[in-house]
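What follows is one structure encoded as structure tokens, with my remarks underneath.
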Amino acid sequence: MIGWIHQPCNLWAHTSKKDVEMKKMFDIIQTHNTTKGTAMQNQLKEKKPMFLCVIGVTETAKIEGISAAGANPEITDYTPPADVELLHFGKCKCIPGVPVTPDGIPTPALITMSALKLADIPTLVVNAGLRVKPHVPFVELGGSPGRDIRTGRALDNAEEVLNRAKVAGENLAKTADYLVIGESIPGGTTTALSVLLAMGVDARGKVSSSMPVNPHDLKIKTVEAGLEAAGVEVGEFADEPI
Numbered sequence: 441m442i443g444w445i446h447q448p449c450n451l452w453a454h455t456s457k458k459d460v461e462m463k464k465m466f467d468i469i470q471t472h473n474t475t476k477g478t479a480m481q482n483q484l485k486e487k488k489p490m491f492l493c494v495i496g497v498t499e500t501a502k503i504e505g506i507s508a509a510g511a512n513p514e515i516t517d518y519t520p521p522a523d524v525e526l527l528h529f530g531k532c533k534c535i536p537g538v539p540v541t542p543d544g545i546p547t548p549a550l551i552t553m554s555a556l557k558l559a560d561i562p563t564l565v566v567n568a569g570l571r572v573k574p575h576v577p578f579v580e581l582g583g584s585p586g587r588d589i590r591t592g593r594a595l596d597n598a599e600e601v602l603n604r605a606k607v608a609g610e611n612l613a614k615t616a617d618y619l620v621i622g623e624s625i626p627g628g629t630t631t632a633l634s635v636l637l638a639m640g641v642d643a644r645g646k647v648s649s650s651m652p653v654n655p656h657d658l659k660i661k662t663v664e665a666g667l668e669a670a671g672v673e674v675g676e677f678a679d680e681p682i
């Protein structure tokens, strides 16, 4: 099974004077609390954003059935760099075509790319720990790829990376009115589940997935194994997350 759609995909080439008209055509779709959504829209109206895409990889993503960020687990190392290349160039450079799921569904970075282009939002990449570097400029946080969280110690320098990220964020915030932060990290929702449970947040069955059918049971089993290996109880780090 191949890991990408092999076809020309340079959407940046299809620009025209209709872009401004297109911006007026699309409304923002709101769900849940529309009152707060409208209030946030009004607060951000006419302000200048910057989009930051944090990328990294984990061995957790290579657990069979836990992530769809690639046609098979072994090529998930290429998904984050390919995603951000797509954002910058309208096509990937480290792989042919674009990343796809095992079912052949293309990366949601296509939607992100289109939104950034439509709204003319500048984009910057932040490297939180990669094996394959993207062919784009990026901010280096000095992180390393995450190990399988079932080991109980996925990272050695988490606090150091967090402190560097804080410095980067504080400085980048001065270049725009507000920052929009996204991520491309295979295995990231399982990692998030482990952090939330350790902090005492009952997130079982509540994190998202790149799969149509979210493997909640597998994620919970994986996280529980990691917490046990680390000797950590659920909620133990509620007052001390780092």
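Numbering (this note's numbering), first residue to last: 441 to 682.
Note that the Cβ used here is the ideal one computed from N, Cα and C, for glycine as well.
By DSSP, does residue i sit in helix, in strand, or in coil?
i           : result
residue 529 : helix
residue 513 : helix
residue 554 : helix
residue 628 : helix
residue 665 : helix
residue 597 : coil
DSSP puts residue i in a beta bridge; with which residues?
i           : result
residue 567 : 495, 580
residue 489 : 618
residue 610 : Partner(s): none; residue 610 has no beta bridge.
residue 586 : 498
residue 546 : 540
residue 623 : 494
Within 10 Å of its beta-carbon, does residue i have 16 or more other beta-carbons around it, so buried, or fewer, so exposed?
i           : result
residue 528 : buried
residue 648 : exposed
residue 513 : buried
residue 471 : exposed
residue 499 : buried
residue 567 : buried
residue 662 : buried
residue 474 : exposed
residue 583 : buried
residue 634 : buried
One question on the structure: do residue i and residue j come within less than 8 Å of each other, judged by their Cβ atoms?
i           : j           : result
residue 497 : residue 571 : yes
residue 389 : residue 668 : This structure cannot settle anything about residue 389, because the visible part of the chain is limited to 441 through 682.
residue 547 : residue 539 : yes
residue 650 : residue 508 : yes
residue 534 : residue 526 : no
residue 699 : residue 506 : Nothing in the structure corresponds to residue 699, since the chain is present only between 441 and 682.
With contact counted as at least three CB pairs below 8 Å, one residue from each stretch, are the region 517-533 and the region 566-583 in contact? yes
Three or more C-beta pairs under 8 Å: does that hold for the region 510-519 against the region 622-640? yes
Quick one: any contact between the region 558-566 and the region 479-487, if contact means 3 or more CB pairs under 8 Å? no
Tell me, please, whether the region 574-587 touches the region 595-608 by the rule of three or more beta-carbon pairs shorter than 8 Å. yes
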